[in-house]
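Visitor: If you're matching them up, the sequences are chains H and A in order.
FYI, in my numbering the residues of the first sequence are 1 to 692.
FYI, in my numbering the residues of the second sequence are 1 to 609.
Handing you this structure, nothing more for now.
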Amino acid sequence: MGEFLLRKSGSFVVTLVTIITIVFAMLYVMPVDPCFRAKSAQSAMDACREAKHLNDGFLTQYGYMWSDLLRLDLGDSWQHVGLSVVEVLSEGLPHTLSLIGLALSLALVLGVFFGTISAARRNSKTDYTIMGLAGLAIANPEFVVGPVVILVFTMKLGWLPRTQGLEGPSSYLLPVLVLALPMAARMARLVRVGLLEELGRDHIRTAHAKGLSEKRILFGHALRLGLGPAVTYTGLLVASMVVGGSFIVEVLFGIPGIGLHLIQAVTSSPIDYPMVQAGVILLATVLITANFLVDIIYAILDPRLRAEVTGGSSSQGSWVQGLVAAVCLAGVVGLALMGAAALGEFNEPMVQMMDRAGKSPVSALIPPILSVIMITLAVWVEAKRRRALSTTFASATKAQQFWKQFSKHRIAVMSMATLFLVALSCVLVPWVWEQAFGVQYDMGVLRESRQAPPFAVWLGVENVSSWLHPFGTDKLGRDLFVRVLMGGRVSISVGLVGFVIATSIGLLYGTASAYFGKSVDNVMMRFVDILICMPYILFVILLMGFAGKSILLLYVAIGCVSWLGLARVTRGEALSVKQMEFVQAARCMGASHWRIITRHLMPNVLGPVIIYAAVLVGAFILDESFLSFLGLGVQEPMASWGILIRQGNEMKETMWWLLVFRAGALVVTVLSLLFIGDGVRDAMDPKLRGRQ
Amino acid sequence: MPWIPNSVGGSEMLLSVQNLKVVLSTDEGPVTPVDDISFSIRRGTTLALVGESGSGKSMTAYAIADLLPPIGRIESGSVRLDNEDLTELPASERRALRGTKIAMIFQKPLTALHPAKTIADQMIEMVVVRMRWNRDHALATAEEKLRLVGLPEPAKRMKQYPHELSGGQRQRVMIAMMLMGDPELLICDEPTTALDVTIQAQIIELLKELQERLNLTILLITHDMGVVADMAHHVCVMKDGELVEDGTVDQIFNRPHHPYTRKLLAAVSVLGSFSEAEEDPVELAPVLLEIKGLRVEFPLGGGLLRRAPEVVRAVAGVDLIIRQGETVALVGESGCGKSTLGRAIMGLIDPADGEVLFDSRAVHNMDRVGLQTFRRRAQMIFQDPESSLNPRMRVGDLVTEPLVIHGIDTPARRLESAVELLERVGLEADHIRRYPHEFSGGQQQRICVARALILQPDFIVCDEPTSALDVSVQAEVLGLMRDLREEFGLTLLFISHDLAVVEELADRVAVMYLGRIVELGRTAKVIGSPQHPYTQALLSAVPIPDPARQAQRERIHLLGEPPSTTNPPTGCAFHPRCRMAEPGTCPRQEQALKLHYGREIACGVVTGS
């Protein structure tokens, strides 16, 4: 155990140092002048530059940064004049920590509890209900649940006081709950899957043979190891949810924590770089620590990991390899940043070009053509599915077997249909609308403003619109229905782009890494491990700071970090496929590396990877909405679900229908993707279906 | 027509199964793995339930122990234990019987034990939780049971985790654990299949001993006729869920009635049933493969800078010559390095030292052209046919792939060659469109053979090609390989742990232990009169499927556990377990192969050096 701890501590330090270096490098390259305040007088400027060592070389500045860091002096905040960054952040730290701590504890308790019940009563009504609710909780991210909850409980029902920040226990209730629910839901799903897998193992059969009760087997035998995957994921969970989610919650509820300060720092003008730097470093430290603790907990749970002599397929390697990975990473990131800066130059002309393209007659034809393609595709898939259902199991091909199993999951099939409908409407309906009404959907007729949807008349609302606007209109009189669908175009396209980039890079990277094995594998995976520790939110923030805000950069940012998780999953799968003898047989035949990777490894890795990727699409859509909600992503007048929800949030008190429909569209889409992912996973893994 | 079990007067029947029928409700509709089975076991005896995969023997055992999967149930029939019908009892009472009256041990001891609990915790769990024993009393009993099953240093083992023990030790722990409740009936589901032959012999001895001491009744599920001959008093043969024959072990082996029983017995290779004329070929064929001083090592994780990383010495210095047209067999137990040697020969693994020369050219330092030629002339067939075939490729593509890689022929010609070969190995032309999962294990292995032959190689390494197949199918595949060898003029390196299989096929045999060859010579000599103490123990441990001969054999029992490959014994690797070891010399000198009575042996004591 001692050696294990030593190794883990080593990688902890290396990762932390690497991330700090990257952040420093990014800010170094940034085209901003820390001495802008002193622009008035040249002497003041010189003095400032001298004090900040700005005339010295890169390495000297790097050295100074470390000495400052170790003295905990991170400079003065540019926003809050006169206050040092450390002061501001340390004021916010207790708020954030208490929020995160409570939410995490609640999430763990709820997640393990419900996940265990679900697994114990698999395929029963209880199981389906719990998993359905979990799905719902995941599909409703904090920035959807938050406003709705505030709307209902605080504004309409008045049960809870309106407060800003955390004062008194009742003000903790909503923020913690909103933050904890999606985490709890994810945990519950993971616990369920982990437990079901564990329950299918041989030693459970031995426990039955000993005559032990079901309860004892579940809690005494299966739980400890079944929690494994959930524990591992908790590390990543902390990264993505806590950092991102806590930001939203702090913004929504006005809690002056680190997240709020960081968002303010990024959205102010000019961007408050010292604050951003400090915030990023702080949060990265928290995340790396969380991962470190997770690894230790996992080792406590499973003594096999503690064994000195493992020789397993873990990506441990020596610390030298870790260092190599870190250096490569720094290099790559540097290049990426310079590329991003260059891209920033192209932003304006790009937008103009896209604008012009959007107005040309050719682009007007894209929606109907796309719709036809989509319908054909859907019909073809459905035909295959029907065909598969009618063949018997024994004579079916693998693909047909898959469809048969998938079709048993009725919700998944329904979700496929739902998703298709949503996508089709997003593509087709605005086009039809425009043709039918000749009105540009983003310019409204101002006199018909502020109209609630027609059916709201049953709720006693006045000023109801005609059925021409089934969702009502927003404050500028623009029809909401079409705007939601237009927003859908952007959001779904982000999901798809992310999916494509993630799959193409991640698949190849993971497979190659697994194939080449040993040192190459170790370095490549350390690369990924370090990068994963850097929460992508922060990465996007920094990137935005660099190159301004545009949808293009959004695609790039999401593409850059989305492939990481996929690469890891792919590598794991590829490693187990690599052990299969047909790969050895191919080598014996004299097959080239390329042939083995593409013809033998990748097709067999595809299955589980596709499941993971499908789930990712939902995550990307949520991510985009999240960023846009915070004001970092898509900008007006373009619509995306995130922006729409944000506007809905602003107006929720008076025009609640704005929030509901926009959020609804997002939730339905993400939920469908989730269930489809479930269906695919259950179809591919017999153990999870509860049959043997 | 089901056989009526022979009712034996005298001691009572402990277990009596009548007209048992088990049904599984699968996705595809109900399946009946056990259909109208009847048999009885007399107290204190062993009944073997024999059959190939799919015969329903395991399901029968699960039904008796009440361990059927959730989709299964006993449809009809009765299971009487001590005259009480278990099928009539409520679930809770049936559960109470498990471990106390009926105990069961399984096939793979590693996965059957809980990986994250100590041995002690696992052993006392049942008695402490269910029967409320005092914890200290339970621990003392556990240690006693461990001693009973012959586990050395029981107190130390109790604190360890399963992965720290060897396969044989784990199976002993399983047996001890299941004996904690002093059961009357012990059901053993293929208890030795996953173990080495010498360890298997130990476990079988243990079970026989326990039966005598504790008056234990054993229901043995197995497909291995040798184990049956060694252990059982009564035999029931099952096929496709039905009982086809039932009798004493003597009746079944010497006077089998049912054609399936006869087929099963005929398919089993019996060691020592071949005798070859002792003649050496007049002309020695040219050397095709030469291995010189080969060492293969694998580094393990662990070891920070200050410690040298640990190393597994899989192959620790091997010299071997294979001539054209020969079939050389490489035998040994798990961990001896035979598979690693096979892969090193094929160039799949790089050696730490030494070289492999194919047609006088070193395999591991070849340039691209040389390597391509080598890969045309040397092929390999693997152990598990299902995982040897890419599940996403059609059979036609799989078999023609070697031709595609080497750019031979047009696509049309390739397909023709593939069809030709498939028909030659006993499949049909239209199989080229199908996927591997649509075939049985034996058929899949035939596809692998066809694939290996399509380049018309000179040399094939066969790595346990029949180990994963059913007994009757094994015989067919081996017969096929023998015929093809003649037809194509192949040189074979046949790797196996099954000496009986090797006896039929090989001209020469090399016996490996811990990465070294300890005995090498013509098959008849080595198997007929083994000289090295390890070979003698190995041959003695192989159960002969002939109860009379088996009972008469003089058994040499190999003591102790297989040694660790990271920390091998000094000097002669075998000396800690060798009954002829001399304490002065054996731990000090590594033994090299020396000529001795027409074969080569690595043992100073025997050769008198």
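Beta carbons are placed, not taken as given, at the ideal position from N, Cα and C, and that holds for glycine.
1. Quick one: grab the DSSP three-state call for A:N19.
2. With the cut-off set at 8 Å, would you say H:V609 and H:I596 are in Cβ contact?
3. Tell me the DSSP secondary structure of H:S213 in three-state form.
4. How big is the Cα-Cα spacing for H:V429 and H:V482?
5. Quick check: the Cα distance between H:T503 and H:G63, rounded to an integer number of angstroms?
6. Can H:L601 and H:Y509 be called in contact, C-beta distance under 8 Å?
7. Let's see if you can read the secondary structure: which residues bound the alpha helix (DSSP H) around H:M589?
8. For A:G29, name the three-state secondary structure that DSSP assigns.
9. What residues from chain C crowd round A:E401, counting only those whose CB sits closer than 7 Å?
10. In chain order, what residues of the same chain lie with their CB nearer than 6 Å to the CB of A:S78, ignoring the 5 residues before and after it?
11. Run down chain A in chain order and give the residues with a C-beta less than 8 Å from the C-beta of H:E581.
12. Apart from the five residues on each side of it in sequence, which residues of its chain come closer than 6 Å, Cβ to Cβ, to H:F219?
13. Does any CB atom of chain H fall closer than 8 Å to the CB of A:I610?
14. A:G521 bridges to which residues according to DSSP?
15. Helix, strand or coil, according to DSSP, for A:K594 in the structure here?
16. Who are the neighbours of H:D682 on chain A, taking C-beta pairs under 7 Å?
17. Write down every uninterrupted run of the alpha helix (DSSP H) in the stretch 63–150 of chain H whose length is 4 residues or greater and which is fully enclosed by it, in chain order.
18. Is A:G342 close to chain H? Criterion is C-beta to C-beta, closer than 8 Å.
19. Is DSSP giving A:G354 helix, strand or coil here?
20. In the DSSP assignment, find the unbroken alpha helix (DSSP H) run with A:C448 in it and report its ends.
21. Alpha carbon to alpha carbon, how far is A:V605 from A:E290?
22. Using the three-state DSSP reduction, which class does H:S261 fall into: helix, strand or coil?
23. Should A:Y62 be labelled buried (16 or more other beta-carbon atoms within 10 Å of its own) or exposed?
24. For A:L593, which residues of its own chain have a beta-carbon under 6 Å away from its beta-carbon, when the five flanking residues on both sides are left out?
25. Give the DSSP-derived three-state secondary structure of A:Q379 in the structure shown.
26. Under the assumption that A:V249 contacts A:H233 (Cβ atoms under 8 Å), give the Cβ distance between them as a whole number of angstroms.
27. In the stretch 193–216 of chain H, which residues sit with their C-beta less than 9 Å from some C-beta in chain A, listed in chain order?
28. Which residues does DSSP pair with H:I505 in a beta bridge?
29. Looking at the C-beta of A:Q591, does it have a partner C-beta in chain H at a distance below 8 Å?
30. Across which residues does DSSP place A:D189 in a beta bridge pair?
31. Against A:R375, what residues of chain H qualify as contacts under a CB-to-CB distance less than 8 Å, listed in chain order?
32. Give the residues of chain A in contact with H:N604, contact being defined as C-beta atoms less than 9 Å apart.
33. Can you give me the C-alpha to C-alpha distance between A:E144 and A:S334, rounded to a whole angstrom?
34. Could you check whether A:L219 and A:R170 sit closer than 8 Å to each other, using their CB atoms as the reference points?
35. Pick out whichever of H:L99, H:L69, H:F4 and H:A137 has its Cα sitting closest to the Cα of H:I281.
36. H:T598 by DSSP, collapsed to three states: which one?
Guide: In short, the structure shows the following:
1. strand
2. no
3. coil
4. 7 Å
5. 39 Å
6. no
7. E581 to M589
8. strand
9. In the displayed structure, chain C is absent; the protein chains listed are H and A.
10. Q18, D85 and T87
11. F382, Q383, D384, S387 and S388
12. Closer than 6 Å at the Cβ level, and outside the excluded window around H:F219, lies no residue.
13. The structure shown does not extend to residue 610 of chain A, since chain A is modelled only from 1 through 609, so no value can be given for it.
14. A:V509 and A:R599
15. Correct three-state label for A:K594: strand.
16. Near H:D682 there are no residues of chain A at all, since even the closest Cβ is about 12 Å away, more than 7 Å.
17. 85–120, 125–139 and 142–149
18. no
19. strand
20. G441 to L453
21. 28 Å
22. One point to set straight first is that residue 261 of chain H is His, not Ser, in the sequence displayed. The answer is helix: DSSP assigns H:H261 an H, G or I state.
23. buried
24. E600 and A602
25. strand
26. For a cut-off of 8 Å, the C-beta gap from A:V249 to A:H233 is around 6 Å, short enough to register as a contact.
27. R201, D202, H203, I204, R205, T206, A207, H208, A209, K210, G211, L212, S213 and R216
28. DSSP, once it has assigned bridges, lists no residue as partnering H:I505.
29. no
30. A:I221
31. C588, M589 and G590
32. N390, P391 and R392
33. 30 Å
34. no
35. For the options H:L99, H:L69, H:F4 and H:A137, the alpha carbon positioned closest to that of H:I281 is the one of H:L69.
36. helix
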